[in-house]
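Trainee:
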Amino acid sequence: MQNTDSRTVSIHLTMQIKPAPLRASGNPEGLNMNKININELNCFITVYFGQDCDLIDDSPEIEPKIDAYIADTHFALQHGLIADIDLFLEESDNLEADFRERYDSDFAPELWGTTAGAFLSLVREKVSKALQDKGH
Numbered sequence: 001m002q003n004t005d006s007r008t009v010s011i012h013l014t015m016q017i018k019p020a021p022l023r024a025s026g027n028p029e030g031l032n033m034n035k036i037n038i039n040e041l042n043c044f045i046t047v048y049f050g051q052d053c054d055l056i057d058d059s060p061e062i063e064p065k066i067d068a069y070i071a072d073t074h075f076a077l078q079h080g081l082i083a084d085i086d087l088f089l090e091e092s093d094n095l096e097a098d099f100r101e102r103y104d105s106d107f108a109p110e111l112w113g114t115t116a117g118a119f120l121s122l123v124r125e126k127v128s129k130a131l132q133d134k135g136h
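Everything in the sequence shown is counted per the UniProt record's numbering, starting at 1 for the first residue and increasing by one.
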């Protein structure tokens, strides 16, 4: 037997959201850099520069690993990597410290004779050029 008594319940919720103040870089105060969504950059660093990077390329050089990424991935992922690098650079207040905090267990640029800024610049430049050369 179905209940034919119909009742309406009305609930009113009020929320006040106060936006966080912005720093000059565009990064809200207290934003944890580990919470930004930069999945393609994460995958790139973990796979091509993580503990098994010698399976990709056994040289101690950075550029052959970037070249392997370019050869192995679809252009859409390469565009995603560039966007992730741009977002990371835009949201970072202290690039070297933020990079170290996020990727310390996978990749330390100083062990490769570079800085986080120079590394990200090189990756962005090589991937952008490859996309341009292929008409993407």
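Each residue gets a CB set at the ideal place from its N, CA and C atoms; glycine is no exception.
If we count Cβ pairs, one from each stretch, closer than 8 Å, do we get three or more for the region 90 to 106 versus the region 56 to 76?
Mentor: no
Trainee: Quick one: complete alpha helix (DSSP H) runs, 4+ long, within the UniProt domain "CdiI immunity protein" (38 to 126)?
Mentor: 39 to 49, 63 to 72, 75 to 91 and 95 to 103
Trainee: Nearest to Arg124 by CA position, among Ile70, Ile56, Asn39 and Gly50, is which residue?
Mentor: Translated into the one-based positions of the sequence shown, residue 124 becomes position 124. Among Ile70, Ile56, Asn39 and Gly50, the Cα nearest to that of Arg124 is on Ile70.
Trainee: Distance check for Gly135 and Ala108, CA to CA, integer angstroms please.
Mentor: As a working mapping, residue 108 is identified with position 108 in the sequence shown. As a working mapping, residue 135 is identified with position 135 in the sequence shown. Those two C-alpha atoms are separated by around 33 Å.
Trainee: Using a Cβ-Cβ cut-off of 6 Å (strictly less than) and excluding sequence neighbours within five positions of residue 137, which residues of its own chain qualify?
Mentor: The question about residue 137 has no answer here: the residues shown for the chain are numbered 1 through 136.
Trainee: Since I believe Ile38 is in contact with Tyr48 (beta carbons under 8 Å), could you give me their beta-carbon distance rounded to a whole number of angstroms?
Mentor: Indexing the sequence shown from 1 puts residue 48 at position 48. Indexing the sequence shown from 1 puts residue 38 at position 38. Actually they are not in contact, since the Cβ atoms of Tyr48 and Ile38 sit about 15 Å apart, beyond 8 Å.
Trainee: Please name the residue, chosen from Pro60, Glu61, Ser59 and His74, that lies closest to Glu40 on a Cα-to-Cα basis.
Mentor: Reading the sequence shown from its first residue, position 40 is the one you call residue 40. Cα-wise, what sits closest to Glu40 is His74.
Trainee: Thinking C-beta only, is Val127 closer than 7 Å to Leu95?
Mentor: Stepping through the sequence shown from its first residue, residue 95 is reached at position 95. Stepping through the sequence shown from its first residue, residue 127 is reached at position 127. Contact check for Leu95 against Val127 fails: the beta carbons are separated by 7 Å or more.
Trainee: Spatial neighbours of His79 within its chain, please: C-beta separation below 8 Å, excluding the five flanking residues on both sides.
Mentor: As a working note, residue 79 is residue 79 in the sequence shown. Excluding sequence neighbours, His79 sits near Leu131 and His136.
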